[in-house]
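Heads up, the sequence shown is in the working numbering, so the first residue is -8 and it goes up one at a time. Using N, Cα and C, we set each Cβ at its ideal position, and we do this for glycine too. See structure below.
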Amino acid sequence: MGEESPVGALGEVVVFDLDGVIYRGDTFFRFILNLLRANPARLTPPLLRIFPAGVGSLVRPHARGAVLGRFVRAAVGHMSLDQYQDAAAAFGRRLAHAEGAVAAALHAIDSHLKAGATVVVATASEITLARAYLDGVGLNHVAVVGSRIAVPAAGFSEHARGANKVAALKVAGYLPPFAQVYTDSAADLPLLAHAAVPVLVNASPQTRARAKEYLGTRPRELEW
């Protein structure tokens, strides 16, 4: 698997992305699709045409955010905050039970904790969903920083993506530089720039090339 035993001194902070690193997929997108499958009547005709294949298959990259936003509003725009949080927590637990987490990621997290480091999961996924999933896979002792959704407006009031993820970590009290950062996403390049050891997990060749150019050095690369 290309895995090495991480070494961290007491007080070091190690950051893990969730989607693509701990979970093989996109937790929030899975949640939204699950809601829409359960209630397809909420889909408008244009979204109904896109829905069977999913956003990633039919929409150009620059338009995916806007289309996903329309899916989110269709799925949760009618909910109260309590209803949303109950649904997100229930789905996170169900996802953890059904699919679990990547064993190599759990091993890496455990190794860092045993070495005395502080581990935090920083994700663009919504925080109620992420917290329930992490609790379900046995990571209830690991902190999480994530996006927050405004319901019933059904948009992100705080989107922990890109440079915003670094800002969210700072607000939560996790200040750079970080000992290590694990991610699969080019969106996390601003976060990787704050890592003594940037780690790309299951990253595409394009992401690897972008990271090397952005950081001025080749990150550590893992496949798991």
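Check                                                                                                 : Outcome
Element boundaries [beta strand (DSSP E), containing Val111]                                          : 109 to 117
Pro189 - containing beta strand (DSSP E), residue span                                                : 186 to 192
Residues that Ser138 bridges to, as DSSP identifies them                                              : Glu117
Nearest candidate by alpha-carbon position, reference Leu9, set Val136, Gly2, Arg201                  : Val136
Same chain, Cβ closer than 8 Å to Ala141, neighbours up to 5 away in sequence not counted             : Phe147, Ser148
Three-state class that DSSP yields for Glu214 in the structure shown                                  : coil
Rounded C-alpha distance that separates Ala186 from His103                                            : 15 Å
At least three beta-carbon pairs within less than 8 Å, the segment 121 to 137 to the segment 79 to 89 : yes
Extent of the continuous beta strand (DSSP E) run through Val172                                      : 169 to 174
Collapsed DSSP secondary structure at Ser148 in the structure displayed                               : strand
Rounded separation between Ser71 and Gly164 - CA only                                                 : 30 Å
Residue from Val112, Ala29, Glu3, Val5 whose Cα sits closest to the Cα of Tyr14                       : Val112
Proximity to Arg201 [Cα-Cα], best of Trp215, Leu213, Ala178, Val6                                     : Ala178
Proximity winner among Asp101, Glu214, Leu27, relative to Asn131 (alpha-carbon distances)             : Asp101
Reduced DSSP category for Val6 - H, G, I as helix; E, B as strand; rest coil                          : strand
C-alpha gap between Val(-2) and Ala66, whole angstroms                                                : With a pLDDT of 40 at Val(-2), under the threshold of 50, the predicted position of this residue should be treated as unreliable, though the coordinate-derived value follows. Cα to Cα, Val(-2) sits roughly 43 Å from Ala66.
Cα-Cα separation, Asp175 to Arg21                                                                     : 18 Å
Pairwise C-alpha distance: Gln76 and Leu26                                                            : 13 Å
Within 8 Å, strictly: CB atoms of Val4 and Ala170                                                     : yes
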